[in-house]
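Asks: Sharing a structure here in structure tokens format.
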Amino acid sequence: ETLVALPMFIFMGIMLDQSGVAERLMQNMVKLFGGVRGGYAVTVVVIGVILAATTGIIGASVVLLGMLSLPIMMKSGYSKELAVGTACASGTLGILIPPSIMLVLMADRLANPDASVGDLFMGAFFPGMILGSLYVAYVLLLSYFRPHVAPVDPDREPVNWTVVWGVLKAVLPTAGLILAVLGSIFAGIATPTEASGVGAAGAMGLAAANRRLTLQVLRDSIRSTTTTASFIFAIFFGATAFSVVLRGLGGDEVIEGMLTGLPLGPDGILIFILFVVFLLGFFLDWIEITLIVLPVFAPLVAGMDFGEHIDKQDLVVWFIILMAVNLQTSFLTPPFGFALFYLKGIAPAEIKIQSIYKGIIPFVLLQLIGLAIVIWQPNVALALMHGVYDK
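So that you can map any letter, position 178 of the sequence shown is 178 in my numbering, and since no number is skipped, the others follow by simple counting.
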């Protein structure tokens, strides 16, 4: 039943990409933040967070943000590295911020009663917001200490109530859809599967309101949804077969014995696992890691004792959120970070792949800082869930 939500969330994201929401947000928010040094890059991060809360389609988000933001930032004299790094990193937030298709797959793969889709959505919300905040802080600090990398656009429009109203008109419908989807899940009004249907219908409504909903757009969205979901399910079936063989031959017990035999203790083993996953992200996509590696490591971590650092019943949710934050780096780490190639495909000719590699490094480091925060303070991932369940 959980996997039924997957194609609906995919359709929701693709339809929103077609609805013109991102274009309206960019057109209005650049006017609002244009007077701030680094304001265009901040705009990209904010729109990236909004898109992340409406779609988990990373390729579409990165391409859309790149197409909308790179011409504006390059024309304003932004450094190539900051422009491409911001667009690339902001576009990948959708893999973490709910409703995330990765979290849906993780919940289905583990089928653990202590880690439902709703639990994972609540657990990922604050870590996702922290990553977005780290990106904004980095852009503002870099712009302050190195003004030449993000100059203020001299041709910017002055901020007035017309600009503010334009931003509100662009943001409020999308915010309403986000509230309807996530709010219904968090409040227990709807299951993730039911909420995904609400999101899909709401996305079509926004497209219709923006006069973008045509029969051709609907056909293209359904076709893209079918293609994307088919790819994911094909990998899912293959990974399931691999896992069955691995467990049938006792491979999971061998791996567990190797890890528990390390003289590191629970904290050291956890960091070692996350380091291995980080390295795997250089060469593998998140789907393969989620479907093959997560089912091996999650039961091992769930059986560990971290003392007063975290309660036993919260271990699975905490570990999955750590994995999700960690796996976000797989989109950005060369040589096979998919987001890097998505952006290169639509970037202006003067932006070389070396500039993209260089520009993304600070954001990967920021993601690792975000990961360290969630390791250090588990309540970052658990506070919302505890508040909703009144634990």
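We treat Cβ as the ideally placed atom computed from N, Cα and C, and that holds for glycine. All of these numbers come straight from a predicted model, not from anything done at the bench.
Using only the alpha-carbon positions, how far apart do residue 292 and residue 102 sit?
Replies: Spanning the two alpha carbons is a distance of roughly 13 Å.
Asks: I believe residue 181 touches residue 195 by the beta-carbon criterion, under 8 Å. Please report the beta-carbon distance rounded to the nearest angstrom.
Replies: Sure, about 5 Å apart at Cβ, within 8 Å.
Asks: In angstroms, rounded to a whole number, what distance separates the CA positions of residue 233 and residue 62?
Replies: Cα to Cα, the separation comes out at about 23 Å.
Asks: For residue 206 versus residue 177, is the C-beta spacing smaller than 9 Å?
Replies: Yes. Within cutoff.
Asks: Residue 97: which of 65, 132 and 68 sits nearest, CA to CA?
Replies: Ranking 65, 132 and 68 by Cα distance to residue 97 puts 132 first.
Asks: Here's the rule: buried if 16 or more other CB atoms are within 10 angstroms of the residue's CB, otherwise exposed. What is residue 269?
Replies: With 16 or more other Cβ atoms within 10 Å, it is buried.
Asks: Quick check: residue 328 and residue 92, are their CB atoms within less than 9 Å of each other?
Replies: It is a contact, given that the beta carbons lie within the stated cut-off.
Asks: Quick one: residues in its chain with C-beta nearer than 6 Å to the C-beta of residue 3, no 5 flanking neighbours on either side, listed in chain order?
Replies: Taken in chain order, the residues that qualify are 108.
Asks: Out of 153, 50, 40 and 295, which one is the CA nearest neighbour of residue 110?
Replies: It is 295.
Asks: Just the Cα atoms here: how many angstroms apart are residue 33 and residue 89?
Replies: So the two alpha carbons sit approximately 19 Å from each other.
Asks: Please name the residue in 6, 115 and 169 whose C-alpha comes closest to that of residue 321.
Replies: Looking at the Cα atoms, 115 is the closest of the given residues.
Asks: Buried or exposed, going by whether 16 or more other CB atoms sit within 10 Å of the CB of residue 230?
Replies: Answer is exposed; the Cβ neighbour count stays below 16.
Asks: Alpha carbons only, please: which of 143, 171, 35 and 386 is nearest the one belonging to residue 86?
Replies: When each option's Cα is compared against that of residue 86, the closest is 143.
Asks: Buried or exposed: residue 17, going by 16 or more other Cβ atoms within 10 Å of its Cβ?
Replies: Buried: at least 16 other Cβ atoms inside 10 Å.
Asks: Just the Cα atoms here: how many angstroms apart are residue 36 and residue 250?
Replies: Spanning the two alpha carbons is a distance of roughly 58 Å.
Asks: Let me make sure I understand the geometry here. Which of 263, 256 and 333 has the alpha-carbon closest to that of residue 299?
Replies: Of the candidates 263, 256 and 333, the one whose C-alpha sits nearest the C-alpha of residue 299 is 256.
Asks: Take residue 282 and list the residues in its own chain whose beta-carbon comes closer than 6 Å to its own, dropping the five residues that flank it on each side.
Replies: 333.
Asks: If you measure from the beta carbon of residue 193 to each beta carbon in chain B, is any gap under 9 Å?
Replies: Of the chains in the structure shown, none is chain B; there is only one protein chain.
Asks: Which two residues bound the contiguous alpha helix (DSSP H) that contains residue 23?
Replies: Note, residue 23: alpha helix (DSSP H), 21 to 33.
Asks: Hey, out of 19, 40, 76 and 72, whose CA is closest to residue 60's CA?
Replies: Minimum Cα distance to residue 60 is reached at 19.
Asks: Can you tell me where the alpha helix (DSSP H) with residue 242 in it begins and where it stops?
Replies: Segment 215 to 248, the alpha helix (DSSP H) holding residue 242.
Asks: Which complete alpha helix (DSSP H) runs does the region 307 to 340 hold, if anything under 4 residues is left out?
Replies: DSSP runs (the alpha helix (DSSP H)) wholly in the region 307 to 340: 315 to 328.
Asks: Determine the DSSP secondary structure at residue 179, reduced to helix, strand or coil.
Replies: The answer is helix: DSSP assigns residue 179 an H, G or I state.
Asks: If you follow the alpha helix (DSSP H) that residue 126 is in, where does it begin and where does it stop?
Replies: That run of the alpha helix (DSSP H) goes 117 to 145.
Asks: Return the residue from the list 139, 126, 31 and 191 that minimises the CA-CA distance to residue 359.
Replies: Nearest of 139, 126, 31 and 191 to residue 359, Cα basis: 139.
Asks: Measuring straight from C-alpha to C-alpha, what distance separates residue 170 and residue 21?
Replies: About 7 Å.
Asks: Can you confirm whether the region 329 to 349 touches the region 300 to 309 when touching is taken to mean that 3 or more C-beta pairs between the two stretches lie within less than 8 Å?
Replies: Judged by Cβ distances under 8 Å, the region 300 to 309 makes no contact with the region 329 to 349, as fewer than three pairs qualify.
Asks: Cα separation between residue 378 and residue 318?
Replies: Distance between the alpha carbons of residue 378 and residue 318 is about 7 Å.
Asks: Take residue 323 as the anchor and find which of 95, 242, 167 and 204 has the nearest alpha-carbon.
Replies: Nearest option by C-alpha distance: 95.
Asks: Kindly give me the distance between the Cβ atoms of residue 136 and residue 45, rounded to whole angstroms, as I take these residues to be in contact under 8 Å.
Replies: With 8 Å as the limit, residue 136 and residue 45 qualify as a contact, their Cβ atoms being about 5 Å apart.
Asks: Would you say residue 353 and residue 371 are within 9 Å of each other, going by their C-beta atoms?
Replies: No. Outside cutoff.
Asks: What span of residues does the alpha helix (DSSP H) with residue 355 cover, start to end?
Replies: Note, residue 355: alpha helix (DSSP H), 353 to 376.
Asks: Within 10 angstroms of the Cβ of residue 49, are there 16 or more other Cβ atoms? Answer buried if so, exposed if not.
Replies: Buried, since its Cβ has 16 or more Cβ neighbours within 10 Å.
Asks: Beta-carbon within less than 7 Å of residue 74's beta-carbon, same chain only, minus the 5 sequence neighbours each way: which residues are those?
Replies: Once the five neighbours on either side are set aside, the close Cβ partners of residue 74 are 83 and 348.
Asks: Whole angstroms is fine: what's the gap from residue 266's alpha carbon to residue 258's?
Replies: Going from the Cα of residue 266 to the Cα of residue 258 covers about 13 Å.
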